[in-house]
Amino acid sequence: MDLSRRKFLALGAGAAAAASLPLIDAYTHGRHHLTTLHQDIFIPDLPDSFVGFTIAQLSDFHFGVHDESVLLSHAIEVTNALKPDMVALTGDFITSNYDNARANVQAAHKCADHFRAIQAPLRFASYGNHDMIAPRAVSDALKANGITLLRNAALNIRKGGDTFWIGGIADSLIDLPEEDKALPKTSPNQPVILLGHEPSYAIKMTGSIERSNLRCDLFLSGHTHGGQVNLPGITKNFASFQGERFLHGGFGLEGFTMYVNRGLGTIHLPLRLNAPPEVTLLTLRRG
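Going by the working numbering, the residue at position 186 of the sequence shown is 250; the numbering climbs one at a time, nothing skipped.
Written as structure tokens, this is what we have:
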């Protein structure tokens, strides 16, 4: 083999290795590099008793094909260290398996069993679209581990004579959301936090909230995985083409704030690139 050909092959091998590095990182470091993000949420009439109230959000666990038991255990340890007043779990506890109903049940319990270790006094959840293949199994597994699942329902939380509401909306991709059951009527000094899964539903919700005189101050969602394999200039445009405007982070919408969590698990391929798994700590502020 002449030197030029040998050099060409060496350069080609080097280029191939360099090109594969992002995928290797996405499989190893990217999908397990847990990040903790802090977000202040401002509510004008937040009662005194809830100023500084903290909510830890976790989402998109996707137990089934690609379990992330070690990552979830670590995320719960991180969550407990933050000492939140409430933990919110915003759906997709399993990855739907259309060929094996028993596998869905097993995945639901395997995921939910981790939640027994959560130390926060308040623990709530909403369904994701994947959970709707086995909603009873997911609900039973969560309940057995101290998690209250809210589907088109709301509860009031009292502290020091003050009240706020926590609601959960049915998944908008598979199920039937009913805002009038998940959100209470507008009432001064009684903020409302809504758990859901699909962030794009927020667009529809803005109109129905105003028409029905309902209240929502904070909508917590997930679903997008932050793009999961997030390629600059490509992923965001592709997501927008599919109708998904909100990939990750906080968004000020008409009448309320939405936060989109990147989640912990993965779908299709066990890869995360520029979209690390996330625990979010949200702090309620008056303003």
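Built from N, CA and C at the ideal position, the CB exists for glycine as well.
In terms of residues, what are the limits of the alpha helix (DSSP H) holding residue i?
i: histidine 173; result: 165-176
i: aspartate 244; result: 243-246
i: valine 202; result: 199-208
On the criterion of 16 or more Cβ atoms from any shown chain inside 10 Å, does residue i qualify as buried, or is it exposed?
i: tyrosine 162; result: exposed
i: valine 343; result: buried
i: arginine 180; result: exposed
i: arginine 350; result: exposed
i: alanine 165; result: exposed
i: arginine 336; result: buried
i: valine 256; result: buried
The beta strand (DSSP E) with residue i in it runs from where to where?
i: tyrosine 323; result: 320-324
i: leucine 153; result: 150-153
Report yes if the CB atom of residue i is closer than 9 Å to the CB atom of residue j, and no otherwise.
i: leucine 206; j: threonine 154; result: no
i: alanine 171; j: aspartate 124; result: no
i: alanine 240; j: cysteine 280; result: Per the sequence presented here, residue 240 reads as leucine, with alanine not at that position. Not a contact, by the Cβ cut-off of 9 Å.
i: histidine 126; j: leucine 311; result: no
i: glycine 128; j: isoleucine 107; result: no
i: isoleucine 238; j: serine 190; result: no
For residue i, does the three-state DSSP call read helix, strand or coil?
i: valine 115; result: coil
i: glutamate 262; result: coil
i: serine 190; result: coil
i: serine 160; result: coil
i: tyrosine 279; result: A quick correction: the sequence has arginine, not tyrosine, at residue 279. Here arginine 279 sits in coil by DSSP.
i: alanine 90; result: A caution first: alanine 90 carries a pLDDT of 48, below 50, which makes its placement in the model unreliable, though a value can still be read off. Note: alanine 90 maps to helix in three-state DSSP.
i: threonine 227; result: strand
i: glycine 307; result: The predicted position of glycine 307 is uncertain, since its pLDDT is 48 and thus under 50; a value taken from the coordinates is nonetheless stated next. Three-state result, glycine 307: coil.
i: leucine 335; result: coil
i: leucine 85; result: Confidence is the limiting factor: at leucine 85 the pLDDT is only 43, short of 50, which leaves the residue's position unreliable and the question unanswerable from this model.
i: leucine 317; result: strand
i: isoleucine 140; result: helix
Opposite residue i in the DSSP bridges: which residues?
i: aspartate 131; result: DSSP, once it has assigned bridges, lists no residue as partnering aspartate 131.
i: threonine 100; result: Val343
i: glycine 286; result: Glycine 286 is not bridged to any residue.
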